[in-house]
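Q: Sharing a structure with you now.
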Amino acid sequence: MGLKRFRLKVKETVATVIAEGEFFPIAEREVEKQREILERYISKNPDFLNSLKPIFVSDNSPEIVKRMAKASFRAGVGPMASVAGAISYFAVREMVKEGAKHVIFENGGDIAMFISEPVIIGIYSGEKVKNLGLRFKPKNSIIGVCTSSGKMGHSLSFGKADSVTVISEDPVLADAVATALCNSIDEEDPDKIERAINRFLIHGIEGVIVVIGNLVGLGGNLPEFIETPIPYELITTW
Numbered sequence: 203m204g205l206k207r208f209r210l211k212v213k214e215t216v217a218t219v220i221a222e223g224e225f226f227p228i229a230e231r232e233v234e235k236q237r238e239i240l241e242r243y244i245s246k247n248p249d250f251l252n253s254l255k256p257i258f259v260s261d262n263s264p265e266i267v268k269r270m271a272k273a274s275f276r277a278g279v280g281p282m283a284s285v286a287g288a289i290s291y292f293a294v295r296e297m298v299k300e301g302a303k304h305v306i307f308e309n310g311g312d313i314a315m316f317i318s319e320p321v322i323i324g325i326y327s328g329e330k331v332k333n334l335g336l337r338f339k340p341k342n343s344i345i346g347v348c349t350s351s352g353k354m355g356h357s358l359s360f361g362k363a364d365s366v367t368v369i370s371e372d373p374v375l376a377d378a379v380a381t382a383l384c385n386s387i388d389e390e391d392p393d394k395i396e397r398a399i400n401r402f403l404i405h406g407i408e409g410v411i412v413v414i415g416n417l418v419g420l421g422g423n424l425p426e427f428i429e430t431p432i433p434y435e436l437i438t439t440w
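In the numbering used here, the protein residues as written are 203 to 440.
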């Protein structure tokens with residue numbers, strides 16, 4: 203399996219894709235397609251872009267819009283909180299549909315993947331908790347591993363966690379819940395963090411990791427933890 207690493211940039215979407223080279227154009231076309239669908243919908247429904255609360259959408263809305271709206275209601279955030287996870291999901295789904303056996307699509311900390319061999323995903327949480335990694339086993343479904351931070355990145359966040367990572371077979375839901383949970387973490391308090399984690403261990407969420415300061419909070423069914431260096435140059439930026 204000749205896997206390659208590819209940097210993809212389509213307007214605000216900046217992603218790293220790991221797959222066989224023949225599938226890169228498929229990923230790029232799907233990102234362009236889904237972004238165009240979203241932009242066209244938002245031009246007629248601007249509240250979808252700006253709302254910080256869930257929004258109802260009609261049954262005849264595009265699939266990506268309906269998935270984002272559904273995730274927003276389950277997590278209690280605005281629909282755009284899950285846009286990166288949604289783009290990642292659609293790109294991976296299309297690549298798998300076209301025959302890809304091993305794909306990782308990382309979109310600003312929000313990962314969708316379909317893997318045929320074990321994969322180690324590092325969680326970058328700043329300078330206090332370092333070298334934290336998760337070993338994922340192959341699974342015959344798409345896996346979402348989405349991370350939100352109150353201190354890093356350009357996404358809107360109201361929380362103070364260094365990182366909140368959520369694992370789910372639905373990357374759209376994982377992204378929405380990561381945002382919501384991160385928003386709820388405002389101090390390094392073990393009891394508050396435990397309550398917040400338990401509140402967001404909803405149906406469809408497999409596991410949660412919260413890092414704030416020197417504290418690490420865990421919940422759900424998590425993969426094996428391993429110590430792994432996280433080269434800064436592998437973090438998607440542009």
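Glycine included, C-beta positions come from ideal geometry on N, C-alpha and C.
Here's the rule: buried if 16 or more other CB atoms are within 10 angstroms of the residue's CB, otherwise exposed. What is residue 407?
A: buried
Q: Here's the rule I'm using: 16 or more other beta-carbon atoms within 10 Å means buried, otherwise exposed. How should residue 213 be labelled?
A: exposed
Q: DSSP on residue 330, reduced to helix/strand/coil?
A: In the structure shown, residue 330 falls within a coil segment according to DSSP collapsed to helix, strand and coil.
Q: Hey, quick one: how far does the beta strand (DSSP E) through residue 390 stretch, first residue to last?
A: From DSSP, residue 390 is part of no beta strand (DSSP E); its letter is neither H nor E.
Q: Check whether the Cβ atoms of residue 321 and residue 344 lie closer than 8 Å to each other.
A: Result no, Cβ atoms of residue 321 and residue 344 do not sit closer than 8 Å.
Q: With residue 210 as the anchor, note down where its alpha helix (DSSP H) starts and where it stops.
A: For residue 210, no alpha helix (DSSP H) run applies; the uninterrupted beta strand (DSSP E) run containing it begins and ends at 205-212, by DSSP.
Q: Name the residue from 232, 255, 284, 317 whose alpha carbon lies nearest to the alpha carbon of residue 296.
A: 232
Q: In terms of residues, what are the limits of the beta strand (DSSP E) holding residue 420?
A: 417-422
Q: Going by the beta-carbon positions, is the gap between residue 335 and residue 317 smaller than 8 Å?
A: no
Q: Could you give the C-beta distance for residue 382 and residue 287, rounded to a whole number, given that I count them as a contact under 8 Å?
A: With 8 Å as the limit, residue 382 and residue 287 do not qualify as a contact, their Cβ atoms being about 12 Å apart.
Q: Given that a residue counts as buried once 16 or more other Cβ atoms are within 10 Å of its Cβ, and exposed if not, what is residue 240?
A: buried
Q: Would you mind reading off the limits of the alpha helix (DSSP H) that contains residue 407?
A: Unbroken run through residue 407 is the beta strand (DSSP E), 407-414; no alpha helix (DSSP H).
Q: When DSSP builds the beta bridges, which residues end up paired with residue 348?
A: 312, 368
Q: In the DSSP assignment, find the unbroken alpha helix (DSSP H) run with residue 286 in it and report its ends.
A: 285-299
Q: What residues in its chain sit with their C-beta under 8 Å from that of residue 249, if we drop five residues either side in the sequence?
A: 257
Q: Could you name the residues that DSSP lists as bridge partners for residue 381?
A: Note: residue 381 sits in no beta bridge, so no partner.
Q: How far does the alpha helix (DSSP H) with residue 233 in it extend, from its first residue to its last?
A: 226-246
Q: Using the Cα positions of residue 397 and residue 261, report the straight-line distance between them to the nearest angstrom.
A: Using only the alpha carbons, I get a separation of about 35 Å.
Q: What are the boundary residues of the beta strand (DSSP E) that residue 216 is part of?
A: 215-222
Q: Can you say whether residue 269 is buried or exposed, counting buried as having 16 or more other CB atoms within 10 angstroms of its CB?
A: Per the 10 Å Cβ criterion, buried.
Q: Quick check on the burial criterion: 16 or more other C-beta atoms within 10 angstroms. Buried or exposed for residue 217?
A: buried
Q: Tell me whether the beta-carbon of residue 204 lies closer than 8 Å to the beta-carbon of residue 222.
A: yes
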